[in-house]
Amino acid sequence: MARVQTPPINHHAGVRNTNRTPVLSREAQVMDYKNTLNLPQTGFPMKADLVAREPERLAKWEQSRLYEAIQSRRAGAKDVFVLHDGPPFANGDVHVGTALNKILKDIVIKSKSLRGFRAPYVPGWDCHGLPIEFKVSQEMRKAGDEAADPATIRKACEAYARRYVDLQRDQFRRLGVLGDWGRPYLTLDREYEAAELRLFADIVERGFVYRGRKPVYWSIPCRTALAEAEVEYQDHVSQSVYVKFPIVGQPGMFLLIWTTTPWTLPANLAVAYNSSFFYSAVLVGQETYLVSTMLLDQVAKKAGWEGYQILRSLDGSVLASLEYQHPFCGRTGRLLAGDSFVTNDTGTGFVHCAPGHGMEDYHLGLAHGLPVYSPVDDEGRLALTSDLPVAQQMPAELVGKSILEKHGKSEANEAVLHELRVRQLLLHQENYHHSYPHCWRSKTPVIFRAMDQWFIRVDHLGADGATFRSRALAEIDRVAWIPDWGVNRIKSAVQSRPDWCISRQRSWGVPIPAFYTAAGEAILDARVVRRTADLFEKHGSNIWYERTVSELWEWVRPADWTGPVPSTRSGDTLDVWIDSGSSSAAVIARRPELRGREQPFQCDMYLEGSDQHRGWFQSSLLLSLAGQGGAPYRTVLTHGFMVDADREKISKSKQGQGGYQKPQTAERYVKEYGADVLRLWVASQDFRNDIVVSEERLQKVGETYRVIRNALRYQLSNLYDFDPAKHAVADESLTGLDRWILGEFAALEAECVRAYDACEYHVVYQRVAQFAAVQLSSMYHDAVKDRLYTDPAGSVRRRSTQTALHRLVSGLCQVLSPVLVFTADEAWEFIPGRPAASVHLSDWTPRGLVRRESEVRTWDWLFATRERVLPELEKARQAKRIGKALEAKVVLTLPAEVEGLEAGWEDALRELLNVSQLGVGRGDAFAAEITSAEGTKCERCWHWETEVGTHPAHPTLCGRCSAAVGA
RNA sequence: GGGGGUGUAGCUUCAUUGGUCAAAGCAGCGGAUUUAUAUCCCGUUUAAAGCGCCAGAUAAGCGGCUGAUGCAGGUUCGACUCCUGCCACCCCUACCA
13 MARVQTPPIN
23 HHAGVRNTNR
33 TPVLSREAQV
43 MDYKNTLNLP
53 QTGFPMKADL
63 VAREPERLAK
73 WEQSRLYEAI
83 QSRRAGAKDV
93 FVLHDGPPFA
103 NGDVHVGTAL
113 NKILKDIVIK
123 SKSLRGFRAP
133 YVPGWDCHGL
143 PIEFKVSQEM
153 RKAGDEAADP
163 ATIRKACEAY
173 ARRYVDLQRD
183 QFRRLGVLGD
193 WGRPYLTLDR
203 EYEAAELRLF
213 ADIVERGFVY
223 RGRKPVYWSI
233 PCRTALAEAE
243 VEYQDHVSQS
253 VYVKFPIVGQ
263 PGMFLLIWTT
273 TPWTLPANLA
283 VAYNSSFFYS
293 AVLVGQETYL
303 VSTMLLDQVA
313 KKAGWEGYQI
323 LRSLDGSVLA
333 SLEYQHPFCG
343 RTGRLLAGDS
353 FVTNDTGTGF
363 VHCAPGHGME
373 DYHLGLAHGL
383 PVYSPVDDEG
393 RLALTSDLPV
403 AQQMPAELVG
413 KSILEKHGKS
423 EANEAVLHEL
433 RVRQLLLHQE
443 NYHHSYPHCW
453 RSKTPVIFRA
463 MDQWFIRVDH
473 LGADGATFRS
483 RALAEIDRVA
493 WIPDWGVNRI
503 KSAVQSRPDW
513 CISRQRSWGV
523 PIPAFYTAAG
533 EAILDARVVR
543 RTADLFEKHG
553 SNIWYERTVS
563 ELWEWVRPAD
573 WTGPVPSTRS
583 GDTLDVWIDS
593 GSSSAAVIAR
603 RPELRGREQP
613 FQCDMYLEGS
623 DQHRGWFQSS
633 LLLSLAGQGG
643 APYRTVLTHG
653 FMVDADREKI
663 SKSKQGQGGY
673 QKPQTAERYV
683 KEYGADVLRL
693 WVASQDFRND
703 IVVSEERLQK
713 VGETYRVIRN
723 ALRYQLSNLY
733 DFDPAKHAVA
743 DESLTGLDRW
753 ILGEFAALEA
763 ECVRAYDACE
773 YHVVYQRVAQ
783 FAAVQLSSMY
793 HDAVKDRLYT
803 DPAGSVRRRS
813 TQTALHRLVS
823 GLCQVLSPVL
833 VFTADEAWEF
843 IPGRPAASVH
853 LSDWTPRGLV
863 RRESEVRTWD
873 WLFATRERVL
883 PELEKARQAK
893 RIGKALEAKV
903 VLTLPAEVEG
913 LEAGWEDALR
923 ELLNVSQLGV
933 GRGDAFAAEI
943 TSAEGTKCER
953 CWHWETEVGT
963 HPAHPTLCGR
973 CSAAVGA
């Protein structure tokens, strides 16, 4: 066989420019024939120009109220999927990590919506808290306003928060995230605060809340207690000191203790030892020291003891009977067994205990009836308290010394060290490098300080006799954690957490509706809290600060109140983690479109970074379980953290030191690459692990974007004269090649459906990118050019391929639409006969295409054969025997394997090889011979044909083209 | 210090329950096309590499042997996969008093 049969020509097809004049010059005639080709045309630009064009589409969406349209289209949907937004903090520009989180949420929602779910999205913001108050206070101080009252500060904070809500809202929208941006939830809304207090009232009513005095993290510059989530660990250099504590009744004998916080020594009330260790009494010069035997060498080296003599060994029973004199305060202390925390690897084996300044110290003190003595005032200065007689407290020289470090020195530490030196009780002093908790806001080392605070009791006993902690652990098992190790993370967080300190000595937050009597007795009553909620809902929470105590009490006092009468109101606010943790009650339960089906406060999914296992995931769980009886989510999906090209965490400090050339904000990436490329980058990586952001990766993703965009453009450009209603070809009449690509696409769609359902977006990215590059660009699009361009416009073969292209481009736009929100919608608008105005309003129901087994076998063989022949063609090209493939004739020798192939495989193979002629012979082994094609090149289709020149009307055309042009 | 996670070409992502020769795409290199043209097509290198063959030598070629999924071992006929130890990075945690 020398030549593929041309398909039947449709003489009624719209062939343009058939009225040519025979006297035209040869060149003009070529041009003329070019006009008879069905060359691609489209308005879908090759150049994306995302940075400029995305905002236009955004404006269009907003004008047409696209989000609302999607929601109303899905209003009656049987399946509902609610993802509840974790509120970002309303401060600063949107960081690229925050953008990642929002984009992931948007992909989840769009993919659900595309598959027919009603998937609303109500974004939220966390508006209260220290960072804002800190900034606002700074600004006010700069403006000369030194002593603003709480109500004034709060108004300024609200304005500040709202300003950043607006700024961030614009930045989130720019990312292509659709949602109810006009009605977000803000934790500063009256309704929110009221709902939060009502939830709090339920928790109070159930007896979870108590007032206690214990050490909490305290930030000196911020003048407030901090939550665990508000401290961050940084390297720090502390003053490490070895101190001699004189033993009572044994002149010249000392205990050796070690501490890295000398300023806590005035608060020392005991010394802990480990009853399982051995201790030695060591004679050095004239003095005897008690020290852990295991640590003796270390201590001796540090202290520079030239020679020492071990006098005797001591054990716990001896130590328990000793008493020591406080080094510079007029009191004595005892030695207590603290086996759980006294270690044998650093220090002296004796631990200085200050129950007011350390958790373990506190517990030990509690067990032995020691006072929670914390001689530090709100300014972070050493101070006398009423816990001990003044005579037993620190010397006057120490009072008023500031603990806060400036340039690595702390007044209080210096003063304490001075007292020790004067008394010759300082054995050794050195710098100690370690990681130490710092205030997230002021970046200063936090101190542990005991004071009266409100707490939620985590081990509260329920009516069923189970502790709240154990109920929480059980509830965790009823939630799906993705990835599955998340369950361990939150369990260990809940298991090990201390009671929740919920009060903050700040103004910018929800006031704790507590009162105090003149005697200092606290009043916290569920009914009072509920009435306060009503009051706040009506008038806003500023009323708490604007009215007198008696006015407030008049409003909120229960009618049948018989308790004490308050004289002051609480000045504390609730921890911001109570704010955001209440969102299931304040948002999910209250917004009709989000309201859960089983329980009003339950939604389908929370999706945040893995750090939220200790943060929002936990606070939401505890509050919801305590107040509402269940977890607020069914599934918790977690993503990893953003790291830079060196796989190190993107940190603000690195930014400050010039570690990054550009700020790591979402805006900067959007301005350089466009939101769709940023979104494609988010989709490209397995977000459950660390996510690497770097210029290189963004650029790689940008290249993938271009491949995809161009595939769409090619498809659209060949549909300019296609109307699916009129021209679509039925599945069984499609050509084998078209059925092949639709079969491939069906497999792709099925895999993408699965991947979307499993939230494995990187699989979608990978598969779609490969499909566009391999099956489409390199195979299908290349092979069908000939039929699309040269067959008569209305021929069945061309319409068949257009039918396939139409289905491909429609399906691709839908597969891509959750990720490439702008581009998919832009391309969608060029699809003839599209079923919805926007791709985001369409239903993705993969149609698929099932192929016969023999058909599949035939095409597998065809592509395998293509793989075998292409290298031969390349060799011929290298040898300059042919140029392009159409100049070649291929003669194949094929073994018996061709038995059983479906009819017409020879034509199909010639088309796949894109050569002019194909000959086939039978033989024992496969062979491919490449020669120059016979005949002459047809001016129109570029095929080489022997019949060129035999058509009088078109001497330069082949038979197929003569017919197509219309003789 | 404790808990958790990750580690596969320069980059990204795959690889049934342990099973041939570790896959695909991108990037790189070389080439072609100009009827998708700031696109697309074809070929090809690279996963430490070493040894060997061919050759006067170089370039190139061959692929016979060993090796190769962070590193080092182990179990197994056979390991990316299971086990042990280590290293690096990330997250969480910790008052190292």
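Under my numbering, the first residue of the first sequence carries the number 13, and numbering increases by one thereafter. For glycine and all other residues, C-beta sits at the position ideal for the given N, C-alpha and C.
query                                                                                                               : result
Exposure label - Trp-589; buried when at least 16 CB within 10 Å                                                    : buried
Cβ-Cβ distance between Ser-636 and Ser-696 below 8 Å                                                                : no
Outcome for Trp-752 when other beta-carbon atoms lying within 10 angstroms are tallied against a minimum of 16      : buried
Beta-carbon proximity check, Tyr-254 vs Ala-293, cutoff 8 Å                                                         : no
Leu-800 versus Ala-915 - alpha carbon distance                                                                      : 22 Å
Span separating the alpha-carbon of Leu-347 from that of Ala-379                                                    : 13 Å
Residue ranges of each alpha helix (DSSP H) within the stretch 255-318, 4 or longer                                 : 308-315
Three-way DSSP call (helix, strand, coil) for Gly-978 in this model                                                 : coil
Whole-Å CB distance - Cys-234 paired with Ser-447, under 8 Å assumed                                                : No, Cys-234 and Ser-447 are not in contact; Cβ-Cβ is about 21 Å, not under 8 Å.
Spatial neighbours of Val-94 in its chain, beta-carbon cut-off 6 Å, leaving aside the 5 residues before and after   : Leu-606, Cys-615, Asp-616
Coarse secondary structure for Gly-136, derived from DSSP in three states                                           : strand
Selected residue, minimal CA-CA separation from Leu-586, among Ala-601, Thr-199, Glu-563                            : Thr-199
Enclosing beta strand (DSSP E) for Cys-451 [first to last residue]                                                  : 438-451
Sufficient close CB pairs (3 or more, under 8 Å) joining the stretch 916-927 to the stretch 885-898                 : yes
His-430 (DSSP reduced to helix, strand or coil)                                                                     : helix
Closest by C-alpha distance to Pro-570, when choosing among Leu-376, Gly-552, Asp-537                               : Asp-537
Any non-hydrogen atom of the ligand FAD closer than 7 Å to Ala-876 Cβ                                               : Absence of the ligand FAD from the depicted structure is noted, as is the absence of any ligand whatsoever, leaving it without description.
Pairwise C-alpha distance: Val-561 and Asn-581                                                                      : Note on identity: in this sequence residue 581 is Arg, with Asn being the wrong assignment. Near 6 Å, if we compare the C-alpha coordinates of Val-561 and Arg-581.
Nonlocal neighbours in the same chain, by C-beta distance under 7 Å from Val-27, ignoring five residues either side : Caution applies to Val-27, whose pLDDT of 35 falls short of 50 and renders its modelled position unreliable; the value that the coordinates give is listed next. Here the set comprises Thr-48, Pro-804, Ala-805, Ala-976, Val-977, Gly-978.
Whole-angstrom distance between Leu-429 and Val-402, CA atom to CA atom                                             : 21 Å
Secondary structure of Glu-605, DSSP reduced to three states                                                        : coil
Unbroken stretches of the alpha helix (DSSP H), 4 residues or longer, contained in the stretch 680-726              : 687-696
Cβ-Cβ distance between Arg-893 and Ser-944 below 8 Å                                                                : yes
Nearest neighbour of Gly-392, chosen from Val-411, Gly-377, Gln-404, Tyr-374 [CA to CA]                             : Val-411
Separation of Asp-511 from His-472, as counted between CA atoms                                                     : 10 Å
Sequence-distant residues of the same chain with beta carbon closer than 8 Å to Leu-326, five excluded per side     : Phe-290, Tyr-291, Ser-292, Ala-293, Leu-302
Secondary structure, beta strand (DSSP E): runs of 3+ residues fully inside the stretch 466-517                     : 492-494
Contact the stretch 695-709 vs the stretch 77-92: 3+ CB pairs below 8 Å                                             : no
CA nearest to the CA of Asp-61, picked from Phe-212, Asp-688, His-739                                               : Asp-688
Residues bridged to Trp-230 (per DSSP)                                                                              : Ala-237, Ile-459
Any alpha helix (DSSP H) of 4 or more consecutive residues that is wholly inside the stretch 818-857                : 833-840
Local conformation of Gly-96 per DSSP, three classes                                                                : For clarity, residue 96 is His in the given sequence; the question names Gly instead. In this structure, His-96 counts as coil in the three-state DSSP scheme.
Cβ-Cβ distance between Tyr-229 and Val-249 below 8 Å                                                                : no
Cα-Cα separation, Ser-665 to Glu-442                                                                                : Residue confidence for Ser-665 is low, a pLDDT of 44 falling below 50, so the modelled location carries little weight; the figure read from the coordinates is stated next. Cα-Cα distance, rounded: 27 Å.
Buried or exposed by the 16-neighbour rule on C-beta atoms within 10 Å, applied to Gly-359                          : buried
Outcome for Leu-51 when other beta-carbon atoms lying within 10 angstroms are tallied against a minimum of 16       : exposed
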